[in-house]
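Structure first, commentary second.
Chains as they are written, first to last, in the numbering used here: chain U, 474 to 1014; chain G, 2 to 500.
Here it is in structure tokens:
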């Protein structure tokens, strides 16, 4: 989701801004609010065409019925030398480009800033941080056409990058220029880097990193621009170019196409609407409405489409129409989500809680009857906790933003943390938790075995009290258990037992060793029970 | 006054004869322990017979190490004594023959240097103290000898020594002591010193019941007196609310789904038509597990999913990129319970349709933890598989659920999710705060999701909203961290879920 800000005064040229219109903008799918002298809207990732103010105004005007369906744009034929030659050397590193020229533009400082903003927002959304799509916009007056798109060895690339004064080679740019450093990872692994070069053999830019300061910077004097989009996804590139050229056209610019001489010759941009058949029956069935064809036509026009003979004409700047259902959603938006009458159908099915959850609830009830307090902790534990408790083969998270980095292997660790954080609260502290614990297991689909555990902790508490609790719990669950002496790294030898159900080990009971208590800064004696509820579940019929 | 004497408890009566003495004497004479005497005084205060004054004192006592050092000298003294016989020795050697622990040795060096009794150069220790200084006791040594003592009684030099020892491990222990004194009120003076006989009935005991009432009167209790708090056993407040929410779904005819919290990316993302370069699939947004990869499901499902992504199925154009099975094998802590819904759909037999399922479970985000961010949340997830399901039904189920959760006004806005179309965002109106709370999303699964999973495009209504905001709101919790902080004081005091 992208947050976009438009100057309020620009929007007010088209719509009077009040609460009603803000609500309408929200119901159009772009939640809106006024912040000082700006209109702030949230744009979902499926609508990058709404990122430029011009695109938003175009779409919302249609929604308000102020324009009629699909906006048409004139594309002028390429003039002499309006060509971009794509060398095969780029195929390894950044294979595609699509380009256009816009004339009749007027820039001031504000407009240039707006342009940079649009570029940045598209880069970070549709462009996937410039990896998928990178945009370059250049002052045509400083460039000599035709243009070549080629890949060169980094040391053969030399130009003055934007906002600097010295010529650098590509390696230096990646090491020293702020944009170079930020996006170096997109090129670093390649032998050759891509560049746009003009007919004077001057470098325009090294996509997706940086333009040239000399011939790649739009200024207030610029009246005509050359636009290129480079990247890996031809479809995304075309859509991006279409978003840009229509934005410029809405600013008053004239669109000129260019000839892209790749393996196949191609002329871009292409604003021809895509066509998609739509079935009235499908629309009504999915939405639960009884729309007629003329309703559908009207609703589609509100969303910027044209409609004729069961065919929808889709604006060439829409990136999100993959299937009929995408159009049906737009019909629903045009109809108004607030106009749908919610309905619960007659559909008799039998509701049921899972067996596992039922057992968990019974167990909590029994323990609450013994005055135990239930706690609920994170499924992740801290690295130092895992170290302190000598966790064997910890399952670690990549790149966690907090100190919680490891999947808990038992409930003992979170319980000890809880008790150590509650030393100022009144004793006795009799607590329990039921929750998932994790261990590695080659046989599992995810290599991780998940198991439901129960822990009971009594402090101050001793073995007798713990055993009384265990006795009571298993008796009420009608289970017979046996205890066998065992050892546990955190419990006192001779006061530790393994719990057996049908000769199968399901957990342990015991008094915690003073060394462990000291390690966790605990001052009261502690008795514990931890059992595997999945095993208990199997024994309950 | 009669009323008061009638309500005197046995312990009060025991101390009244000695009320002209101080507390220490009362304890001795009455034969009661201190706590009991203080309790009796508190009762007398409630009856207006005495006034209580409390005073706090800070007491300095020896810690575990302090006791040992008092017997066997402070480590710095031991080191100094050693240096008297062996001057100019290397650090390691001094450490070794001093028999001090590494930590004690380090501390001693620091102390002696600070007192300018030794000098360290070229890794050797040299004595710089003169004879007199060697014999003189350190202020710390003097202090240890006079402990325990009230902090107030310490001289300046002793306070300085205390400051030094406080920073060292377990040499001194500082505790607060409350001393209580009392004063008789006018009414108290009338009664103090008297022996008060009583033949009132105290507790009701079995013998009494059996023998009948020989004495007629019961001692009066002070029913306003404070009683010690008790705490009951209790379900965690979050789980109380979850149980309530579950009940709503089962009442509506939904069956519960259960499953794993760790998932392959295939089930969490790919089968839900989330492109492999979608931002949610990056490490900074989701918890991926280091170093392990899981298995992909049956080949047919994998093939169909790949096709849905690359070229589309059922009339879709797909995302048009090259789908990588390796990426789908990465393990992730589920970012939504929708992975469960996908698994449920895949295992569904055609004779089981129509069907309705729900799950309420934890989902995970790679976030920082602060008052408004957390790493785990509860999500209420649901699906309805029905040939006749439509968008209005989706809104109907959601409206019903949130009404039962206590929200009368519900708003539906357009939303976006890669796996649903149409998609909707749900807001509920908060009548007190007069604001809309954004709860999360819902929609109808895209054919790119249902065709691989079900073999044909059957409409599946689906939703997954966060529950934590509603729970926080009910319990008036402002800080998200409180939800899972396990502060027992807070948990014991939390009101019950009463919706």
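No residue lacks a Cβ here, since even glycine has one placed at the ideal position from N, Cα and C. Remember, it's a predicted structure, so these values are computed and weren't measured experimentally.
Going by C-alpha to C-alpha distance, which of the options sits closest to residue i?
i	options	result
residue 528 of chain U	U:587, U:840 and U:806	U:587
residue 988 of chain U	U:498, U:846, U:862 and U:933	U:862
residue 123 of chain G	G:134, G:89, G:81 and G:101	G:89
residue 347 of chain G	G:243, G:498 and G:452	G:452
residue 489 of chain G	U:791, U:940 and U:904	U:904
residue 283 of chain G	G:311, G:334, G:316 and G:314	G:334
residue 375 of chain G	G:286, G:392 and G:332	G:286
residue 60 of chain G	G:351, G:153 and G:108	G:153
residue 441 of chain U	U:776, U:912 and U:512	Because residue 441 of chain U is not part of the residues shown, which for chain U are 474 to 1014, the question remains open.
residue 146 of chain G	G:222, G:197, G:68 and G:194	G:68
residue 201 of chain G	G:447, G:4, G:430 and G:184	G:4
residue 651 of chain U	U:636, U:880 and U:832	U:636
residue 180 of chain G	G:247, G:157 and G:35	G:35
residue 1004 of chain U	U:492, U:1010 and U:979	U:979
residue 578 of chain U	U:610, U:674 and U:590	U:610
residue 230 of chain G	G:493, G:499, G:497 and G:500	G:493
residue 926 of chain U	U:955, U:882 and U:936	U:882
residue 377 of chain G	G:366, G:371, G:384 and G:383	G:366
residue 621 of chain U	U:569, U:758 and U:558	U:558
May I have the straight-line CA-CA distance separating residue i from residue j, to the nearest angstrom?
i	j	result
residue 143 of chain G	residue 103 of chain G	25 Å
residue 838 of chain U	residue 847 of chain U	10 Å
residue 449 of chain G	residue 386 of chain G	15 Å
residue 259 of chain G	residue 891 of chain U	27 Å
residue 238 of chain G	residue 475 of chain G	10 Å
residue 369 of chain G	residue 875 of chain U	6 Å
residue 644 of chain U	residue 289 of chain G	33 Å
residue 160 of chain G	residue 203 of chain G	52 Å
residue 817 of chain U	residue 251 of chain G	15 Å
residue 77 of chain G	residue 172 of chain G	13 Å
residue 725 of chain U	residue 421 of chain G	37 Å
residue 272 of chain G	residue 308 of chain G	11 Å
residue 688 of chain U	residue 795 of chain U	39 Å
residue 240 of chain G	residue 361 of chain G	10 Å
residue 740 of chain U	residue 572 of chain U	9 Å
residue 719 of chain U	residue 781 of chain U	23 Å
residue 713 of chain U	residue 677 of chain U	20 Å
residue 755 of chain U	residue 318 of chain G	18 Å
residue 703 of chain U	residue 680 of chain U	7 Å
residue 856 of chain U	residue 880 of chain U	10 Å
residue 350 of chain G	residue 262 of chain G	24 Å
residue 49 of chain G	residue 39 of chain G	15 Å
residue 408 of chain G	residue 503 of chain U	24 Å
Which bits of chain U does residue i rub up against, with CB to CB less than 8 Å?
i	result
residue 356 of chain G	822
residue 299 of chain G	In chain order: nothing, as chain U lies at least about 12 Å away.
residue 285 of chain G	872 and 874
residue 239 of chain G	849
Please list, in chain order, the chain G residues whose beta carbon lies closer than 8 Å to that of residue i.
i	result
residue 502 of chain U	414, 415, 416 and 417
residue 798 of chain U	422, 423, 445, 447 and 448
residue 708 of chain U	321
Kindly say whether residue i, judged by its beta-carbon, lies nearer than 8 Å to any beta-carbon of chain A.
i	result
residue 814 of chain U	Protein chains U and G are contained in the structure displayed, whereas chain A is not.
Against residue i, what residues of chain U qualify as contacts under a CB-to-CB distance less than 7 Å, listed in chain order?
i	result
residue 296 of chain G	918
residue 370 of chain G	875
* Asked: Just by C-beta distance, which residues in the segment 843-876 of chain U are closer than 8 Å to chain G?
  -> Result list: 843, 844, 845, 846, 847, 848, 849, 850, 851, 852, 853, 868, 869, 870, 871, 872, 873, 874 and 875.
* **the segment 983-997 of chain U contacting the segment 927-947 of chain U, beta-carbon criterion three pairs below 8 Å** => Taking 8 Å as the limit for Cβ pairs, the verdict is that the segment 927-947 of chain U does touch the segment 983-997 of chain U.
* Asked: Using 8 Å as the threshold, is the segment 381-398 of chain G in touch with the segment 460-474 of chain G, meaning 3 or more CB pairs across them?
  -> These segments touch.
* To do: Decide yes or no for the touch test of the segment 539-553 of chain U against the segment 764-781 of chain U: beta carbon pairs closer than 8 Å, at least 3 of them.
  => Because the criterion of three Cβ pairs below 8 Å is met, the segment 539-553 of chain U and the segment 764-781 of chain U touch.
* Taking contact to mean at least 3 C-beta pairs separated by less than 8 Å, is the segment 514-528 of chain U in contact with the segment 680-695 of chain U? -> By the Cβ criterion, the segment 514-528 of chain U is not in contact with the segment 680-695 of chain U, since fewer than three pairs of Cβ atoms, one from each stretch, lie closer than 8 Å.
* Which of the residues in the segment 453-464 of chain G, read from start to end, lie with their CB under 7 Å from any CB of chain U? -> The segment 453-464 of chain G vs chain U, Cβ under 7 Å: 460.
* Any 3 or more C-beta pairs closer than 8 Å across the segment 339-346 of chain G and the segment 426-445 of chain G -> No, the segment 339-346 of chain G is not in contact with the segment 426-445 of chain G.
* To do: Closer than 8 Å, Cβ to Cβ, to anything on chain U: give me those residues from the segment 487-499 of chain G, in chain order.
  => Under the 8 Å Cβ criterion, the segment 487-499 of chain G contributes 487, 488, 489, 490, 492 and 493.
* To do: Would you check if there are 3 or more beta carbon pairs closer than 8 Å linking the segment 222-229 of chain G to the segment 825-836 of chain U?
  => In the pairwise beta carbon analysis, the segment 222-229 of chain G is classified as not touching the segment 825-836 of chain U: fewer than three pairs are separated by under 8 Å.
* Contact list for the segment 376-389 of chain G against chain U, Cβ threshold 8 Å -> From the segment 376-389 of chain G, only 376, 377, 385, 387 and 389 have a Cβ closer than 8 Å to chain U.
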